[in-house]
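What follows is a set of notes on a single structure, which appears directly below.
Number of protein chains: 2
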Amino acid sequence: MSDTASNDTRQLPALTGRVVISVDAMGGDAGPAAVVAGIAQSASKNPDIAFILHGPAAELRPLVEKRRLASRVVIRDAVGVVKMDDKPSHVMRHGKDTSMWSTIQAVEKGEAAVAVSCGNTGALMAVSMLRLRKIEGVNRPAIACLWPSRNPQGFNIMLDVGADIRADQQDLLQYALMGMSYARNGMGLSRPRVGLLNVGTEEHKGRAELKVAHDLIEAAAAKNDFDFVGFVEGGDIPSDRVDVIVTDGFTGNIALKTGEGTAKLIGQFLREAFKHTPLSRLAALLALTSLKRLNKRIDPRRVNGGVFLGLNGTVVKSHGGADATGVSAAIKLAFQLAQSRFSERLAARLASVGHAGQDAPHND
Amino acid sequence: MSDTASNDTRQLPALTGRVVISVDAMGGDAGPAAVVAGIAQSASKNPDIAFILHGPAAELRPLVEKRRLASRVVIRDAVGVVKMDDKPSHVMRHGKDTSMWSTIQAVEKGEAAVAVSCGNTGALMAVSMLRLRKIEGVNRPAIACLWPSRNPQGFNIMLDVGADIRADQQDLLQYALMGMSYARNGMGLSRPRVGLLNVGTEEHKGRAELKVAHDLIEAAAAKNDFDFVGFVEGGDIPSDRVDVIVTDGFTGNIALKTGEGTAKLIGQFLREAFKHTPLSRLAALLALTSLKRLNKRIDPRRVNGGVFLGLNGTVVKSHGGADATGVSAAIKLAFQLAQSRFSERLAARLASVGHAGQDAPHND
Chain Z
593 MSDTASNDTR QLPALTGRVV ISVDAMGGDA GPAAVVAGIA QSASKNPDIA
643 FILHGPAAEL RPLVEKRRLA SRVVIRDAVG VVKMDDKPSH VMRHGKDTSM
693 WSTIQAVEKG EAAVAVSCGN TGALMAVSML RLRKIEGVNR PAIACLWPSR
743 NPQGFNIMLD VGADIRADQQ DLLQYALMGM SYARNGMGLS RPRVGLLNVG
793 TEEHKGRAEL KVAHDLIEAA AAKNDFDFVG FVEGGDIPSD RVDVIVTDGF
843 TGNIALKTGE GTAKLIGQFL REAFKHTPLS RLAALLALTS LKRLNKRIDP
893 RRVNGGVFLG LNGTVVKSHG GADATGVSAA IKLAFQLAQS RFSERLAARL
943 ASVGHAGQDA PHND
Chain H
593 MSDTASNDTR QLPALTGRVV ISVDAMGGDA GPAAVVAGIA QSASKNPDIA
643 FILHGPAAEL RPLVEKRRLA SRVVIRDAVG VVKMDDKPSH VMRHGKDTSM
693 WSTIQAVEKG EAAVAVSCGN TGALMAVSML RLRKIEGVNR PAIACLWPSR
743 NPQGFNIMLD VGADIRADQQ DLLQYALMGM SYARNGMGLS RPRVGLLNVG
793 TEEHKGRAEL KVAHDLIEAA AAKNDFDFVG FVEGGDIPSD RVDVIVTDGF
843 TGNIALKTGE GTAKLIGQFL REAFKHTPLS RLAALLALTS LKRLNKRIDP
893 RRVNGGVFLG LNGTVVKSHG GADATGVSAA IKLAFQLAQS RFSERLAARL
943 ASVGHAGQDA PHND
């Protein structure tokens with residue numbers, strides 16, 4: 593990484609007194625222009641936010657100046673770019689000059705509260721684990737996603753959606769605690785309802801580790817001020833029965849992609865249905881406001897941001913195909929988590945669970 | 593099971609020269625009236641189909657007479673009913689008097705070509721395995737479902753969606769062959785494209801048994817006249833990249849329920865969007881035909897029928913909440929599979945794979 597800007601960015605006027613978000617300008621499908629446009633959206637809505645932006649300075653400076661963001665953004669020069677098909681192991685060994693590495697390092701050094709990147713998920717997790725390290729007592733970090741739901745908050749949280757393809761009963765218990773803490777700090781739910789994803793809801797069904805995890809999470813619920821609703825099924829993920837859905841990263845990733853694929857298919861079918869005849873095209877015009885209202889509720893850009901949980905620092909993974917609206921949504925989530933001091937609270941919560949009998953009330 | 597009708601139903605005029613489907617009248621949420629209404633729909637559309645209907649004769653006879661189906665339906669009296677929350681092990685031990693048991697037995701005895709039931713899935717699989725037994729060489733039977741897709745045939749096949757929560761590499765290979773055979777016989781695809789469900793499409797991702805299964809299925813593809821497209825992700829399940837999606841029953845069941853849940857949520861949001869203002873209600877009226885056109889493409893009743901694969905006999909599991917249209921769709925699928933002599937062809941296909949080097953072309 594080659595810095596052209598000062599390393600002590602906390603002294604820069606742009607960042608003073610504001611919540612600083614470290615943003616990777618590179619690695620997304622839409623390129624740095626979309627990322628800077630997203631930053632501009634967030635900056636205009638929220639005066640309390642500032643950015644360290646990582647990528648090739650020569651490319652970023654004109655974009656930042658064009659959006660008149662110089663007073664809110666510090667550019668950190670990093671010439672390397674992690675590509676979508678780069679292997680995580682390769683990036684860990686050879687990625688020190690990349691914008692992704694630099695983005696995570698700003699959180700590691702305490703210069704920024706939260707990191708945001710649209711890049712390669714596997715590489716981002718690998719670099720995050722290497723630089724930020726796991727919270728003491730956490731075996732496997734997890735990626736939590738937001739899912740449109742019938743709940744008043746509009747979204748449910750599901751984890752893990754792909755940090756690791758395995759999870760044993762202890763991992764699932766930690767996911768429950770991390771997801772509960774995220775729901776409290778990111779969504780303001782004082783008593784989140786947690787469910788464990790399984791096939792069938794009868795307790796005699798499902799894998800052995802799920803039955804053990806069921807009892808572990810049930811026992812942890814009372815001590816940690818959340819409700820455990822027991823096993824839930826795939827159909828419950830967007831329901832109002834539950835706020836946090838716990839599963840292993842293999843199953844969670846399949847469920848996430850399946851839900852996205854189904855929503856996309858229905859959207860395409862809906863557009864085709866409205867193009868079928870001249871009358872249906874007229875109906876579509878009249879129905880436009882209603883369809884936009886629908887779209888707003890299920891727009892994946894509004895729920896843009898998988899959060900890496902279980903590390904010493906918060907990382908928000910934005911969708912690789914995110915546009916300005918998507919990037920801005922990820923930044924908003926990062927800001928909320930930074931403001932609630934989520935990372936410190938999560939670490940305290942997990943530490944307290946590690947010691948039996950220690951049950952001091954943590955306000956996480 | 594107490595029979596009041598003759599046991600040698602093949603001699604009855606109603607069944608002579610027709611494809612006979614064995615139908616469980618009981619166990620669905622909508623009761624036997626919906627099942628008989630579904631039979632009536634199928635009977636009026638298809639003169640080549642006849643039924644053995646299982647359940648309490650005193651309750652079924654008036655329903656059959658009311659629909660004027662006496663010339664197409666033979667009633668087989670069975671007083672017991674399997675409830676949705678009955679444990680499969682209980683039904684296996686104590687279920688001999690039930691309509692479900694009688695329905696499967698008619699296939700076992702060769703009286704009917706295919707069985708259809710709306711009842712308890714676990715119990716239906718348990719009774720089917722007990723009476724029909726697994727095809728020689730099959731370790732785990734599977735349940736295959738149809739999924740609305742962008743393919744010309746309108747649906748993709750996914751298996752296993754819940755017969756068993758485990759599947760090793762050999763099971764996944766058998767699922768690939770069973771699914772391919774189902775696509776050929778049930779959908780008329782001469783060269784089905786098979787994909788293996790995984791997270792990420794790069795070959796270095798995913799569980800160890802999936803990598804082995806990948807190579808096994810790849811090797812089997814050339815010999816068995818199907819295309820293997822390799823790993824697919826959740827988002828590909830409704831796509832036109834693939835016709836058959838292979839996965840274990842845990843993951844498949846979660847994906848199926850997640851897809852159904854997502855479609856249901858979007859449907860509810862769509863209705864709410866159109867009820868929001870007087871103008872949107874007017875727009876909804878004009879858009880009605882378009883919305884019906886959409887609904888027809890994603891209507892779960894049209895894809896009603898999970899098929900049990902790997903047994904000596906074909907069993908179609910209709911949705912527990914199926915109405916007459918849903919039951920009729922399940923019967924139509926049963927008829928197609930009966931006509932193509934699917935069960936015999938599948939057994940021959942699996943037997944040929946069991947012997948290395950034996951590569952006679954089977955037209956299944």
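Protein chains in written order, with the numbering used here: chain Z, 593 to 956; chain H, 593 to 956. For each residue, glycine too, the CB sits at the ideal point set by N, CA and C.
Cutoff 7 Å: residue i Cβ touching any chain Z Cβ
{"i": "ARG799 of chain H", "result": "yes"}
{"i": "ASN845 of chain H", "result": "yes"}
{"i": "SER872 of chain H", "result": "yes"}
{"i": "SER882 of chain H", "result": "yes"}
{"i": "LYS803 of chain H", "result": "no"}
Residue-level contact to chain H via CB, residue i, 7 Å cutoff
{"i": "GLY826 of chain Z", "result": "yes"}
{"i": "ALA855 of chain Z", "result": "yes"}
{"i": "ALA670 of chain Z", "result": "no"}
{"i": "ILE641 of chain Z", "result": "no"}
{"i": "ILE829 of chain Z", "result": "yes"}
{"i": "LYS675 of chain Z", "result": "no"}
{"i": "ILE858 of chain Z", "result": "yes"}
{"i": "LEU716 of chain Z", "result": "no"}
{"i": "GLU795 of chain Z", "result": "Note that GLU795 of chain Z has pLDDT 46, beneath the 50 cutoff, so the model's placement of it is unreliable and no number is given."}
{"i": "PHE842 of chain Z", "result": "yes"}
{"i": "ALA768 of chain Z", "result": "no"}
Rounded distance between the beta-carbons of residue j and residue i, thought under 8 Å
{"i": "PHE823 of chain H", "j": "GLY787 of chain H", "result": "7 Å"}
{"i": "ILE727 of chain Z", "j": "GLY902 of chain Z", "result": "6 Å"}
{"i": "VAL919 of chain H", "j": "ALA707 of chain H", "result": "That belief does not hold up - the Cβ atoms of VAL919 of chain H and ALA707 of chain H are roughly 13 Å apart, past 8 Å."}
{"i": "GLU852 of chain H", "j": "GLY853 of chain Z", "result": "That belief does not hold up - the Cβ atoms of GLU852 of chain H and GLY853 of chain Z are roughly 13 Å apart, past 8 Å."}
{"i": "SER773 of chain Z", "j": "LEU938 of chain Z", "result": "5 Å"}
{"i": "PRO648 of chain H", "j": "VAL671 of chain H", "result": "5 Å"}
{"i": "GLY771 of chain H", "j": "VAL836 of chain H", "result": "4 Å"}
Three-state class that DSSP yields for residue i in the structure shown
{"i": "LEU942 of chain Z", "result": "helix"}
{"i": "ILE829 of chain Z", "result": "coil"}
{"i": "LYS675 of chain H", "result": "coil"}
{"i": "MET618 of chain H", "result": "coil"}
{"i": "VAL683 of chain H", "result": "helix"}
{"i": "ILE641 of chain H", "result": "strand"}
{"i": "VAL836 of chain Z", "result": "strand"}
{"i": "ALA662 of chain H", "result": "coil"}
{"i": "VAL899 of chain H", "result": "strand"}
{"i": "ARG610 of chain Z", "result": "coil"}
{"i": "GLU795 of chain H", "result": "Its pLDDT being 46, under 50, GLU795 of chain H is placed unreliably in this model, and the value from its coordinates should be taken loosely. GLU795 of chain H falls in the coil class under three-state DSSP."}
{"i": "ARG783 of chain H", "result": "coil"}
{"i": "LYS909 of chain H", "result": "strand"}
Exposure of residue i, with buried meaning 16 or more beta-carbon neighbours within 10 Å
{"i": "SER741 of chain Z", "result": "buried"}
{"i": "PRO624 of chain Z", "result": "buried"}
{"i": "ALA952 of chain H", "result": "The pLDDT assigned to ALA952 of chain H is 36, lower than 50, so where the model puts this residue is not dependable; a value taken from the coordinates is nonetheless given after this. Exposed is the call here."}
{"i": "LYS658 of chain Z", "result": "exposed"}
{"i": "ASN712 of chain H", "result": "buried"}
{"i": "GLN860 of chain H", "result": "exposed"}
{"i": "GLU825 of chain H", "result": "buried"}
{"i": "ALA734 of chain H", "result": "buried"}
{"i": "ARG660 of chain H", "result": "exposed"}
{"i": "SER782 of chain Z", "result": "exposed"}
{"i": "GLY702 of chain H", "result": "exposed"}
{"i": "HIS646 of chain Z", "result": "buried"}
{"i": "GLU795 of chain Z", "result": "For GLU795 of chain Z, the predicted model reports a pLDDT of 46, less than 50, meaning its position is unreliable and no value from the coordinates is stated."}
Residue range of the beta strand (DSSP E) that includes residue i
{"i": "PRO624 of chain Z", "result": "Element bounds for PRO624 of chain Z: not the beta strand (DSSP E) but the alpha helix (DSSP H), 623-637."}
{"i": "PRO740 of chain Z", "result": "734-740"}
{"i": "ILE809 of chain H", "result": "Per DSSP, ILE809 of chain H belongs to no beta strand (DSSP E); it is in the alpha helix (DSSP H), 800-815."}
{"i": "ASN748 of chain Z", "result": "747-751"}
{"i": "VAL730 of chain H", "result": "Unbroken run through VAL730 of chain H: none, as it is neither H nor E."}
{"i": "ALA978 of chain H", "result": "Past the boundaries of the shown model lies residue 978 of chain H; chain H is included only from 593 to 956, so the question cannot be answered."}
Where the alpha helix (DSSP H) containing residue i begins and where it ends
{"i": "ARG723 of chain H", "result": "713-724"}
{"i": "ASN777 of chain Z", "result": "761-779"}
{"i": "LYS924 of chain H", "result": "916-931"}
{"i": "ASP758 of chain Z", "result": "Here the sequence assigns Arg to residue 758 of chain Z, which means Asp is not the residue at that position. No alpha helix (DSSP H) holds ARG758 of chain Z; DSSP gives it neither H nor E."}
{"i": "GLY980 of chain H", "result": "Residue 980 of chain H lies beyond the residue range present for chain H, which begins at 593 and ends at 956; the question has no answer from this structure."}
{"i": "ALA698 of chain Z", "result": "691-700"}
is_contact[residue i, chain C] using C-beta, thresh 7 Å
{"i": "LEU764 of chain H", "result": "Here chain C cannot be found, since the structure's protein chains are Z and H."}
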